[in-house]
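Here my numbering is used: position 199 in the sequence shown is 206, and no number is missing along the way.
Beta carbons: idealized from backbone N, C-alpha and C, even for Gly.
Keep in mind the model is a prediction, meaning the values are calculated, not measured.
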Amino acid sequence: MASIYLFDDEELSTDVSDVELGDQSDTAPSVLEPSQPKEQRQSFFARLRLRIWQNDGFWGKVLLITSISSAIVILAFECFLFGLFAKNIDSIQPDRPQAVDASWKIGKRNAVATYLALYIYAEIYQVMFTLLILYTKNIYHLLSYLVFLCAMAVYSGIQFYELNYTLLYNLLSDSTWEKACKGIAIAVIAVSCLVCVIQGINARKLRIAFIKITGEKVGNRTSLINSNIVFNLHRNALIVTGFFLTAFTLQFAVIVLNKNDPEFAITIVVLALSYLIIVLADYGAVREKSIFLYLSFIAYMGGLAYLIFKLYRLFTRYATMPGKRSLVAFDIFCILLVIWLMVLSVLVRLNFGKGLKTIYEGNYHFARGEAEETKFEPKM
Numbered sequence: 008m009a010s011i012y013l014f015d016d017e018e019l020s021t022d023v024s025d026v027e028l029g030d031q032s033d034t035a036p037s038v039l040e041p042s043q044p045k046e047q048r049q050s051f052f053a054r055l056r057l058r059i060w061q062n063d064g065f066w067g068k069v070l071l072i073t074s075i076s077s078a079i080v081i082l083a084f085e086c087f088l089f090g091l092f093a094k095n096i097d098s099i100q101p102d103r104p105q106a107v108d109a110s111w112k113i114g115k116r117n118a119v120a121t122y123l124a125l126y127i128y129a130e131i132y133q134v135m136f137t138l139l140i141l142y143t144k145n146i147y148h149l150l151s152y153l154v155f156l157c158a159m160a161v162y163s164g165i166q167f168y169e170l171n172y173t174l175l176y177n178l179l180s181d182s183t184w185e186k187a188c189k190g191i192a193i194a195v196i197a198v199s200c201l202v203c204v205i206q207g208i209n210a211r212k213l214r215i216a217f218i219k220i221t222g223e224k225v226g227n228r229t230s231l232i233n234s235n236i237v238f239n240l241h242r243n244a245l246i247v248t249g250f251f252l253t254a255f256t257l258q259f260a261v262i263v264l265n266k267n268d269p270e271f272a273i274t275i276v277v278l279a280l281s282y283l284i285i286v287l288a289d290y291g292a293v294r295e296k297s298i299f300l301y302l303s304f305i306a307y308m309g310g311l312a313y314l315i316f317k318l319y320r321l322f323t324r325y326a327t328m329p330g331k332r333s334l335v336a337f338d339i340f341c342i343l344l345v346i347w348l349m350v351l352s353v354l355v356r357l358n359f360g361k362g363l364k365t366i367y368e369g370n371y372h373f374a375r376g377e378a379e380e381t382k383f384e385p386k387m
């Protein structure tokens, strides 16, 4: 019996020996004009709901619920911590001149504001990343998500250290609000570590299905499999960099810079450009456009110089600044990420022409006609 394959997962039999001919001809599907799969005919939001919730099973739902609930709990803790600290820091009367005292309090208040700003961004990023994981069923996204959660658990420890040994140290008091601040910071550590464990279990339960779905795109060709690994490592490095570089820049803008300082304007420009570079780099990898990868590589070198300069400033001009350790940690991690991206960009360029373009080119559709001609559904 002959078979015609219209789509990757659809087989249409041509054996018509048991088919009754007659009035059914108007309703029979045409081999020459095949209908699209049901999911492709749905709207984007309908597919989003179908993939993220209805078709995810128990562990996918646990992954999403844990992500959203933990984000809400941690944000509530951080808002309470900021409000408690900002409200009571003015009641402290340290033994120093009034002008120095005002600057001292502003520095500490800005440090706590930085924690809140970072966590607001981090929890939004966490939920959006979870939705991306469940929509694409990509095993590389899932692993990168776990790396992000572990990094945030480490950061919660840095926050407690800064709070205990810098922001609340030597305040000449032993009040209830200080103990409450430390207790909240410990609670954030506990929740962050618990989320890592729960999501690690979820990832273990989901990994087999995700590996199968990710592998089905490329088949069993060794060269294509290796190219796909490099491509996904590059894409996920961009996704993770999108958080850490932005988070570092955001912290720097909140905690150390005066709005009248030229360095503040440079920092904001870098913040805006980072998103553009990330999109250009991914677009270049998907559509195999060498010019975009070359431009991105040049931008990485500029970003590396920027991060090294900021690290130097943290140990010179801002050596005694409250909250410095979190900035140093983010800066060093960003430097490592940018170096990793530079290596992956070279490897991605070397894999051009090996067949990945036909698989991933549907990720960027700018015209309806182009979208209709593309065989594969857009997936990250």
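When the beta-carbon positions are compared, Asn235 and Val69 stay at least 8 angstroms from each other. Our two residues, Ala158 and Ile131, have alpha carbons roughly 16 angstroms apart in a direct line. Around the beta-carbon of Asp338, 16 or more other beta-carbon atoms lie within 10 Å, marking it buried.
In this structure, the straight-line span from the alpha carbon of Leu138 to that of Thr229 is close to 30 angstroms.
Within the same chain, Phe167 come within 8 angstroms of Ile193 by CB-CB distance, once the 5 residues on both sides are set aside. Counting only runs of 4 or more residues that sit fully inside the region 290 to 360, the alpha helix (DSSP H) segments are 297 to 321, 331 to 357, in chain order. About 5 angstroms separates the beta carbon of Ser333 from that of Ile165, a gap short enough to meet the 8 angstroms contact definition. Annotation for Ile246: the continuous alpha helix (DSSP H) segment containing it runs 229 to 262.
Its chain contains Val161, Tyr162, Ile165 as the residues whose beta carbon lies nearer than 8 angstroms to that of Ala336, once the 5 sequence neighbours on both sides are disregarded; these appear in chain order. For Leu363, the three-state secondary structure derived from DSSP is coil. Restricted to the region 142 to 218, the alpha helix (DSSP H) segments that are unbroken, complete and at least 4 residues in length are 146 to 169, listed in chain order. DSSP places Leu82 inside the alpha helix (DSSP H), whose first and last residues are 64 to 95. Counting other Cβ atoms within 10 Å of its Cβ, Tyr126 reaches 16 or more and is therefore classed as buried.
Take Gly362, set aside five residues on each side of it, and the residues of its chain with a beta-carbon closer than 6 angstroms to its own are Leu231, in chain order.
Pairing Leu141 with Ile59 gives a Cβ-Cβ distance under 8 angstroms. Non-local C-beta neighbours of Ala279 in its own chain, meaning closer than 8 angstroms and more than five positions away in sequence, are absent. Straight across, the Cα-Cα distance linking Glu185 with Asn95 is about 9 angstroms.
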